[in-house]
Amino acid sequence: MSRVTDLSKIRQERMRDINLRNKEKERMREREKEARDREARYSNGHLFTSLTVSGTTLCSACNKSITAKEALSCPTCSVTIHNRCRDTLPNCAKMKQRQQKMALMRNNSALQSVTLRTKSQYMQMRTSPMMRERPSSAIYHSDNLRQSLLGSRRGRSGLSLSKSVSTNNIAGNLNDDSPLGLRRILSQSTDSLNFRNRAMSMESLNDEGEVYYASMLEEMEIEGRDFEADSWSMAVDSGYLQTHRKDIIKRQDVIYELIQTELHHVRTLRIMERVFRQGMLEEVQLEPGVVHAIFPCLDRLTGIHVRFLAQLLTRRNHSLQTGSTYNFTIHQLGDVLLEQFSGQCADEMRKTYAEFCSRHLKAVKLYKELLARDKRFQYFIRRVCRGHLLRRHGVQECILLVTQRITKYPVLIQRILDNTKGEKNEASCLTQSLTQIRELLSSVDQQVMELERTHRLQEIRARLDPRVEAKVRDGGLFRGGELLRRRLIHEGTLLWKTPGSRLKDVQVLLMTDILVFLQEKDQRFIFPCLDKSPVLSLQNLMIREIANQERGLFLISDSSPPEMYEVHAASKDDKNTWIRIIQHTVSSCPSREEFPLIETEDKALLRRLKADIQQKDREVLELLQERVTLFSDLAEVTGGQEVMLPGGPNSRNLFRADTPHAPLGERLLTDAIAEVDRLSELLLGSTFEMPLPCSFNGHPNHTGALVINGQEVVVNGTHGSPAAKSHCPVGR
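For the sequence shown, the numbering used here assigns the number 431 to the initial residue and increments by one for each residue that follows.
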C-alpha cells in the first residue's frame, strides 16, 4: 500500500514539474513575441507607429512617395517613412538628446561623493612601483569617472582625448552642401573610442593566445610611459609649474595633448597593422586583396604618423630641463607643424587620407560580411578582442578613429595659436600651419567626394539593364556605357510630371553635360518610357521656378522645337540646391565639338589610346625627375659639395657637356623634339600635345606639365612653381 502511495506521489510530482516547464515555455514564448513586437516598432531610437497618409507624402529616408498601407511615423521626431526604409533612417535625434541628458544627470549624481586626487598624491603614485605595475583600470572603474577626477586643476579644464572637441566645430570648413565626403564620417562621435591611460600592463594578457601580441603591448607601454598624465600640468613638478605664466601653461597643455593624441593614433595604426591585419593574413589566411580592402593604404598611414610622432618626441626631448626626465617646456613647434602640413608631406597625407576615407564604408561592409559567414574569422576576432587593450577597439572602431584623426589637427593648432603671445615667428608658423591643414582637409574632402561619386556611378552602371537604350533628340541611341565617359556631379530623387498630370519617381543624375532620368524596376535601373527623352542636354539649358509652387521647377531645353520638363523636389531647400548646382554645371558645360553627346566605338578607342599615352608620359616624367634627384645626390657625395635639387635653376648643369660642341648638340636636340611634336600632331590630332621641351639658350621655359586640350595638367605639383618653371628632366 505504501508503495502505491509513493508511486502516486512521484507521478503527481512529475506532472507538476511538466506543468511548470510548460508554463515556463509559454512565458518564454510570450516574452520573445513581445520582444519581437517591440523590435518591430522600435528601431534606431525611433518609436514607429502605423499611419495612413496621402499619396503625395514623401519618405524622409528615400524621398519617394508613400502608399497608404506601408507608412510608419515616429512621434518623437515627426518623421514619416516606408516600412522598408526604417533600417536606413539615422538615429532619432530627440531620443539621443534625452539619453545624453539622463546619462549626464547620472554622472553628476555619481560624482558628488568622490574626492579629487591631489597633485602630490598623483606624483607619489606615479613613482611607486605598484602604480607602474597595475593598469589604470584597476584604480578607476570607468574612463569617464577617471577623466572627471583628473579634469580640473588650478581652475583650468584640460581637454582629454575622450573629450576632444567635436568634429562639428570644424564642419564649417567643409562643403556644407555635399551629402558625401568627410561630413558623413564626422557625424559620428568618438567619445567612446579613447585610449586614455588604457591598461598597457601584461596583466591584460591571458592564456587564450594574447601572448602572441606581448612584444607589441610592451612596446606601447614603454612609449606611453611619459604621457600617462592627463595634461602637461599634471606631468611636471609643482615647483616647475609655478614658474610659468597662465598663458604658457595653457599652451603647454595643448601641445602635450597634441603629442599624446598622436601617440594614441599611432597605437591605433599599429593595432590595425600588427594585430588585425597580420592575424587575418597568418591565422585566418585571408587573401591579401581582401585584407587590403579592409585596411587600405595602412602602411603609408603608419609611415606618415610614425615620422610625425618621432619629430614631436624629438622636440619634446630637446626641451627637457637639465637633470629631469619629465619637466619640459616646448617654446617652438610651428616649424615642425609647418613641415608636416605643407609640401611633399601634405601631398602624401592628402592622397592617403582621400583613399582611406573614400573606402571607409566599403571596408566596414566587407568586414561585417566576413564576420557573418566565416567561422574562423569570427573566432579570431573574438579571441583577439578578449584582451583588455582591444575590448573596446575592434576593427570598425579603429577604422573610424583613423578617418577622424585628420579633423583634430585644426582645432589643436588653433588652440596653440590662441595661447601663443609675444612670439611673432612662432605665431607666423602656426598661422601658416593652420591655413595649410585647413586646405588639406578641404582637399581631402573634395577627393573623397569625387571617389565616392565615381564608385556610385559604377554601381548605377552595374544596376542599369544592359538591354535598355534611350533615344535622344538627334536620333542617336544613348546606352549605359555612355555614363562612364562622364563625371557624376549630383544625384537625387525628383518627381517628373507626365502629360496625364501624374508624378513619377525618377532618379536624376546630373553629369558633365547631361541630365539623365532613370527609373527603378525590380532592383534594376531603366530609362523611363515617357513622351520626352530621358537624356537632357545641358547646352544652354534654362531653369525656371513654377509660380505658386515652392517645390516645382521647369527645365527648358535649347532645341528645335524647345522642350519643357516639369519636375518637383522633396522640399524647397532641395529645389534650391538643384537649381544652384544645375546652373553652375550649365555655365561650365563643354561644347559638343569637344565632348560629343554619343561617342562611336572608333572615337572611344582613340580616346582610350590617347589617355594611355598621356598616362605613360606622366610616368616617364616622374621617373626622369627621380633620376635627376639620384644624380644630384650622387654628385653631392662624389664632389663633396651641395648640388641644386631638381626644379632648381641650375639642375640642368648636371647633364651639360663642358665642350664647345654643347650648344650645337642642344640645337639638334631642340629641332628633333620639335619634329616629334609635329609628327605627334599629325598622327594624334591637334587636341593632343606631347610635353614640351625645356628652355635652351633663351627659348621659353616649360613647367614640365602635360598639355591636354590646350591646358596644362599638373604633374608632381610643378604647375605654378617658380622653381619648377626652370626645371628640366634628363634631356629627351
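Glycine included, C-beta positions come from ideal geometry on N, C-alpha and C.
Judging by CA-CA distance, which residue of the options is the nearest neighbour of residue i?
i     : options                 : result
K680  : S661, D875, F947        : S661
Q862  : G709, M879, L768        : L768
T833  : Q844, T884, V874, L801  : V874
R700  : D729, E1105, I724       : D729
R746  : V965, T928, Q442, V666  : V666
E1031 : R915, E1111, S1017      : R915
L871  : L881, R835, E899, R903  : R835
H920  : D904, E443, K1005       : K1005
E799  : I843, S772, V721, A740  : V721
P726  : D777, Q690, Y783        : Y783
L688  : L801, A740, L1099, I724 : A740
P991  : I760, K962, I1012       : K962
Q937  : R451, K951, D943        : K951
L968  : I986, Q953, A977        : I986
I734  : L693, D1047, I724       : L693
M994  : K927, Q877, G922        : K927
E853  : P929, D677, I956        : D677
T837  : D804, R813, C787        : C787
V766  : R816, S858, V814, L1027 : S858
H695  : V794, D1107, V736       : V736
V902  : I1028, R1057, S438      : I1028
T755  : T518, I724, Y670        : Y670
F810  : Q708, S1021, K781       : Q708
D895  : L887, R954, V878, Q762  : R954
S490  : C522, T942, D904, A1034 : C522
T691  : D1042, L742, E648       : L742
What are the boundary residues of the alpha helix (DSSP H) that residue i is part of?
i     : result
R954  : R954 -> not in any alpha helix (DSSP H); beta strand (DSSP E) instead, spanning 954-956.
H920  : Unbroken run through H920 is the beta strand (DSSP E), 920-927; no alpha helix (DSSP H).
K1005 : 1002-1017
H823  : H823 -> no alpha helix (DSSP H), and no H or E assigned at all.
M994  : Here M994 belongs to no alpha helix (DSSP H); instead the beta strand (DSSP E) covers 994-998.
R780  : 773-788
V1040 : Strictly speaking, residue 1040 in this sequence is Lys, with Val absent from that position. It spans 1031-1069 - the alpha helix (DSSP H) in which K1040 sits, taken as one unbroken run.
L671  : 668-671
M664  : 662-665
Ignore the nearest five residues each way along the sequence and tell me which others in residue i's own chain have a CB closer than 7 Å to its CB.
i     : result
L716  : M710
L481  : A501, L502, S503, T510
I1009 : I973, L983
C775  : E769
E980  : K1002
E975  : L983
F807  : V714, L800, L801
T1015 : I919, L940, L968
I867  : F771, Y839, P840, I843
Pop quiz: residue i and residue j are said to be a contact at Cβ under 8 Å. What is the actual Cβ separation, rounded to whole angstroms?
i    : j    : result
R697 : M650 : 6 Å
L939 : L948 : 7 Å
L945 : L966 : 4 Å
L925 : H998 : 4 Å
G764 : L860 : 4 Å
T865 : E856 : At roughly 15 Å, the Cβ-Cβ gap does not stay under 8 Å, so T865 and E856 are not in contact.
Q682 : T744 : Q682 to T744, Cβ: 17 Å. No contact.
P505 : L488 : No, P505 and L488 are not in contact; Cβ-Cβ is about 19 Å, not under 8 Å.
K494 : T923 : 6 Å
Which same chain residues end up closer than 6 Å to residue i when comparing Cβ atoms and leaving out the 5 residues on each side of it in sequence?
i     : result
V825  : F706, Y797
E899  : L907, R909
R883  : L918
F1118 : Reliability fails at F1118, whose pLDDT of 46 lies under 50, so the model's placement of it is uncertain and the value that follows must be treated cautiously. Excluding positions up to five away in sequence, the list reads K1040.
K781  : none
Looking at the unbroken beta strand (DSSP E) that takes in residue i, where does it start and where does it end?
i    : result
L983 : 982-986
A501 : 501-504
D935 : 933-940
V946 : 944-951
S480 : 479-481
H512 : 509-512
S989 : Here S989 belongs to no beta strand (DSSP E), and DSSP marks it neither H nor E.
L966 : 965-967
I973 : 972-975
Taking only heavy atoms of the ligand FMN into account, decide whether any of them is closer than 6 Å to the Cβ of residue i.
i    : result
L488 : Judged by which ligands are present, the structure shown has none, so any question about the ligand FMN falls away.
Checklist line | Contained alpha helix (DSSP H) runs [length at least 4] in the stretch 695-764, N- to C-terminal order | finding: 708-712, 718-724, 728-748
Notebook entry, point to check: Which residue spans inside the stretch 798-869 form an unbroken alpha helix (DSSP H) run of at least 4?
Noted result: 805-814, 825-835, 839-848
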